[in-house]
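Student: The UniProt record's numbering numbers the first residue of the sequence shown as 1 and each following residue consecutively. Cβ coordinates follow ideal geometry from the N, Cα and C atoms, glycine included. Since the structure is predicted, the reported quantities are computational estimates derived from the model, not experimental observations. Quick one: the structure is below, questions incoming.
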Amino acid sequence: MENNQPLEHVHLLIIGSGPAGYTAAIYAARANLKPVLYQGIQPGGQLTITTEVENYPGYPEGIQGPEMMVDFEKQANRMGADIRYGMASSVDFSSQPYKVTIDEDKVITADAVIIATGASAKWLNLPSEQRLNGSGVSACAVCDGFFFRNKEVAIVGAGDTAAEEALYLSKLCTTVHMFVRRHEMRASMVMQDRVLKTSNIIVYWNTETDEVLGDKKVHGVRIRNIQTQETKEIPVEAFFVAIGHQPNSGIFADYLELDEQGYIVTVPGSSKTKVEGVFACGDVQDKIYRQAVTAAGSGCMAALDAERYLSAKGLH
Ligand SMILES: Cc1cc2nc3c(=O)[nH]c(=O)nc-3n(C[C@H](O)[C@H](O)[C@H](O)COP(=O)(O)OP(=O)(O)OC[C@H]3O[C@@H](n4cnc5c(N)ncnc54)[C@H](O)[C@@H]3O)c2cc1C
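Here it is as structure tokens:
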């Protein structure tokens, strides 16, 4: 696209405004790196689509996800981070300073870049699933399982994460109904074995979800056996979707190393990517923990790594 706008040069550009991006901004601003942060289409990140967050330290009474992310933004703002609405639409990391195009229009050059673009949960895309999201439908058992302790719940998925989440839920909930689309799971044999040996997990093979049932909150699920077309309603109070996540890493694929699922590969124990001066933090590089507190922790690491990099280069 033809672009007549003058280039803007920034010291440190942060892409993404979830817990990782805002924490990186807080640390970077306090280190006088004058960070500019672009929020993307979901200012505040994934926590803005949830209700109560009870496991983030420092909020003894729990807090609503959207409210917590406003606190993060306010803190980054107060430290002097320049927070802007806009989406990084493409990047060029082939030479320094690095180029990042915002909204397919404005080109910014940066001495260092922190990528904090997160990941998005995959959904079944049933209207009822979307309508009841946050009211019993969740894509995170570790985050929301606690709200359904001693209740009956359902989970859909067949990979290692689904198996792990079903096992996690089995320790909190009375019964876990697990729906698997095929006649076998994709999870490793060890995980499958553990699931099948857990007495309060009931596995339904060849099973699809027709509908999540409930008006204001989940009270059941209607499933269908793919082979017999027989349907059945099961009363549950929560419906967990564990069919995978999509890391938001597509625009970086030409320059950075991604793993087979699209997560950005970082040097273990750091936020460094294979391009010097480009750092990644939060869920876009973490397929294991995927929590706000771990994302925030890795945002801190990225800011410290960027600060050291810029100092060593004599740019700070
Ligand atoms: C329903 C739900 C409930 C959850 N509950 C909890 C909980 O109770 N406790 C907990 O610890 N964790 C919870 N999590 C997980 C937690 O939300 C994530 O681990 C955390 O938000 C990851 O932070 P992040 O900063 O890496 O990315 P995200 O929060 O995913 O934020 C990514 C950011 O990047 C931006 N972005 C993406 N692409 C671009 C681009 N091209 N240009 C600019 N910006 C871009 C987005 O707009 C967004 O601001 C929950 C997740 C979900 C989905």
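Let me know the alpha helix (DSSP H) ranges lying completely inside the segment 206 to 272, each 4 residues or longer, listed in chain order.
Tutor: Complete alpha helix (DSSP H) runs here, min 4: none at all.
Student: So the alpha helix (DSSP H) T198 belongs to, where does it begin and stop?
Tutor: Indexing the sequence shown from 1 puts residue 198 at position 198. Taken as a continuous stretch (DSSP letters only), T198 belongs to no alpha helix (DSSP H), as it is neither H nor E.
Student: If we ignore side chains and look at the alpha-carbon of each, how far apart do C238 and I26 end up?
Tutor: In the sequence shown, the residue the question calls residue 238 occupies position 238. In the sequence shown, the residue the question calls residue 26 occupies position 26. The sequence shown places Ala at residue 238, rather than the Cys named in the question. About 36 Å.
Student: Could you check whether S298 and G282 sit closer than 7 Å to each other, using their CB atoms as the reference points?
Tutor: Taking the first residue of the sequence shown as 1, we reach residue 282 at position 282. Taking the first residue of the sequence shown as 1, we reach residue 298 at position 298. Yes, they are a contact pair.
Student: Between L213 and the rest of its own chain, which residues show a CB-CB distance below 8 Å, the 5 nearest in sequence each way excluded?
Tutor: Here the question's residue 213 lines up with position 213 in the sequence shown. Only S128, H219, G220, V221, R222, E233 meet the Cβ criterion.
Student: Consult DSSP for Y85 and reduce its assignment to one of helix, strand or coil.
Tutor: Mapped onto the sequence shown, residue 85 falls at position 85. Residue state, collapsed to three classes: coil.
Student: Taking the C-alpha atoms as reference points, what is the distance between Q96 and V275?
Tutor: On the sequence shown, position 96 is the one that residue 96 refers to. On the sequence shown, position 275 is the one that residue 275 refers to. Approximately 10 Å, taken between the alpha carbons.
Student: State the Cα-Cα distance for the pair Y56 and L47, rounded to the nearest angstrom.
Tutor: Against the sequence shown, residue 56 aligns to sequence position 56. Against the sequence shown, residue 47 aligns to sequence position 47. Taking the straight line joining both Cα atoms gives about 11 Å.
Student: Output the boundary residues of the alpha helix (DSSP H) element that contains M301.
Tutor: Translated into positions along the sequence shown, residue 301 becomes position 301. It spans 292 to 312 - the alpha helix (DSSP H) in which M301 sits, taken as one unbroken run.
Student: With distances taken from CA atoms, which of C140, E73, F72 is nearest Y289?
Tutor: Along the sequence shown, one-based indexing puts residue 289 at 289. Per the Cα distances, C140.
Student: Is N125 near ligand 1, in the sense that its beta carbon is under 6 Å from a heavy atom of that ligand?
Tutor: The residue given as residue 125 occupies position 125 in the sequence shown. N125 Cβ: outside cutoff for every heavy atom of ligand 1.
Student: Taking 6 Å as the limit between beta carbons, can you name the residues of its chain near V156, skipping five residues before and five after?
Tutor: Here residue 156 corresponds to residue number 156 of the sequence shown, with the count starting at 1. Result list for V156: F179, T209, V241, in chain order.
Student: Alpha carbons only, please: which of E184, H9, L124, L315 is nearest the one belonging to N206?
Tutor: On the sequence shown, position 206 is the one that residue 206 refers to. Of the candidates E184, H9, L124, L315, the one whose C-alpha sits nearest the C-alpha of N206 is E184.
Student: State the DSSP-derived secondary structure class of A112, mapped to helix, strand or coil.
Tutor: Position 112 of the sequence shown, counted from the start, is the residue given in the question as residue 112. Correct three-state label for A112: strand.
Student: Let's see if you can read the secondary structure: which residues bound the beta strand (DSSP E) around S120?
Tutor: Within the sequence shown, the letter at position 120 stands for residue 120. 119 to 121 is the span of the beta strand (DSSP E), which, as asked, contains S120.
Student: Quick check: does the Cβ of T117 come within less than 6 Å of any heavy atom belonging to ligand 1?
Tutor: The count along the sequence shown starts at 1 and reaches residue 117 at position 117. It does: the Cβ of T117 is within 6 Å (strictly closer) of some heavy atom of ligand 1.
Student: So is the beta-carbon of T231 under 6 Å away from any non-hydrogen atom of ligand 1?
Tutor: Indexing the sequence shown from 1 puts residue 231 at position 231. T231 Cβ: outside cutoff for every heavy atom of ligand 1.
Student: Can you tell me which of the three DSSP states K74 falls into?
Tutor: Residue 74 sits at position 74 when you count from the first residue of the sequence shown. In this structure, K74 counts as helix in the three-state DSSP scheme.
Student: Pick helix, strand or coil for T161, following the three-state DSSP scheme.
Tutor: Locating residue 161 in the sequence shown gives position 161, where the first residue counts as 1. Three-state result, T161: helix.
Student: Could you check if E2 is buried or exposed, using at least 16 other CB atoms within 10 Å of its CB as the buried criterion?
Tutor: The count along the sequence shown starts at 1 and reaches residue 2 at position 2. Unreliable positioning characterises E2 in this predicted model, as indicated by a pLDDT of 48, which lies under 50. A coordinate reading is not provided.
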